[in-house]
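Mind the numbering: the sequence shown is residues 0 to 275 in numbering that gives the first Met the number 0, read in order.
Working notes, beginning with the structure itself.
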Amino acid sequence: MEGSEILSLEVIEASLSTKIIGRGQHLDSNLSKNELWDEIDSTNTRAAALAAQGCPEGVMVIARQQTAGRGRLGRAWISPPDAGISFSVVLRPKIELSRLPLITLATGVAVAQAIEASVGVRPGLKWVNDLTLSGRKLGGILAEMPGQALIIGIGINVRLKADELPDELKDKVEWLERAAGGPVDPNLVVMELAHKLEAQYELLKAGKTEEILGLWRAYSVTLGQMIEARSANQVITGKAIDIADSGALIVEAEDGTRTELVAGEISLRLQDGSYC
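What follows is the structure in structure tokens.
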């Protein structure tokens, strides 16, 4: 796999020893194959379409470029050709919609572990769905339930060109090759991601919430910080002190009042205005 710097489904599948993630291709159905696209509007949209058609659990949709990628709150996700990893997977857990924040946190742990194992740099996790390095955004997670299936979408910056970024993003984004100081094999990252994500998924299904949250806390760049959370009708300021079992962020105000923030429509920043 060394030296393979372009995403290759053949290389990824040959390296998998998972039981669920990426294993849909072994089922006798044309709808069950993993997909790698040179260009696609959104891997999450495609994964949702496959799920609606009845594809089995574990099918992966990967793209070298997204033209209409999106993040939480409908924000656009920039994805130039071969500059990053756009990855979505179809899961079918028996889980309530209210547990989506916990699913997002578990996914964040898996992505951080995968990057640490494959690249040797340790990302931070900003509640609820962002990956960071050196105070800049490295990637993001978008979990959706468009029907009975759960679609987990992951975007990771691998190689970007600073001179091609919009001015407003140049100091706000990070990518793996800059952080690692050399080439990064995206196939190795995806392979590790599949294995780490499956491990977190098994913990989630087994109800091992505290184990997931303990791992998330270890990667968190949010806990212990003074934050400002904005929704459509209120602003909450205080110290992020912990994560609830539901995945909500517990914030303590100066007067000791505690509030549990649920992801939803909330935009969160540190109180000093920095990203993380």
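Think of the CB as a built atom: it goes at the ideal place given N, C-alpha and C, for glycine as much as any other residue.
Please read these numbers as outputs of a predicted model, since none were measured by experiment.
Worksheet entry | Cβ shell of residue 80 (< 7 angstroms), same chain only, five flanking positions each side left out | 63 and 64
Worksheet item: In its own chain, which residues sit with a C-beta less than 8 angstroms from the C-beta of residue 131, not counting the 5 before and 5 after it?
Response: 122, 123, 124, 125, 137, 173, 220, 274 and 275
Worksheet item: Taking just the CA atoms, how far does residue 36 sit from residue 42?
Response: 9 angstroms
Item to complete: Answer yes or no: do residue 151 and residue 60 have a C-beta to C-beta separation smaller than 8 angstroms?
Response: no
Practice prompt. Could you round the C-beta distance between residue 49 and residue 200 to whole angstroms and report it? I think they count as a contact, below 8 angstroms.
Written response: Contact doesn't hold; Cβ gap of about 18 angstroms is too wide.
Worksheet item: Is it true that the segment 92-108 meets the segment 176-189, where meeting means three or more beta-carbon pairs spaced less than 8 angstroms apart?
Response: no
Worksheet entry | Separation of residue 7 from residue 115, as counted between CA atoms | 21 angstroms
Worksheet entry | Test item: CB-CB of residue 153 and residue 103 under 8 angstroms | no
Worksheet item: Between the beta-carbon of residue 58 and the beta-carbon of residue 33, is there less than 8 angstroms?
Response: yes
Worksheet item: Counting Cβ pairs closer than 8 angstroms, one from the segment 207-225 and one from the segment 233-244, do we hit at least three?
Response: yes
Worksheet item: Leaving out five residues before and five after residue 214 in sequence, what residues of the same chain have Cβ atoms less than 6 angstroms from its Cβ?
Response: 108
Worksheet item: Terminal residues of the continuous beta strand (DSSP E) containing residue 140?
Response: 135-143
Practice prompt. Per DSSP, which residues does residue 43 bridge with? Please list them.
Written response: Residue 43 pairs with nothing; no bridge assigned.
Worksheet item: For residue 78, which of helix, strand or coil comes out of DSSP?
Response: coil
Item to complete: Could you have a look at residue 67 and say whether DSSP puts it in helix, strand or coil?
Response: coil
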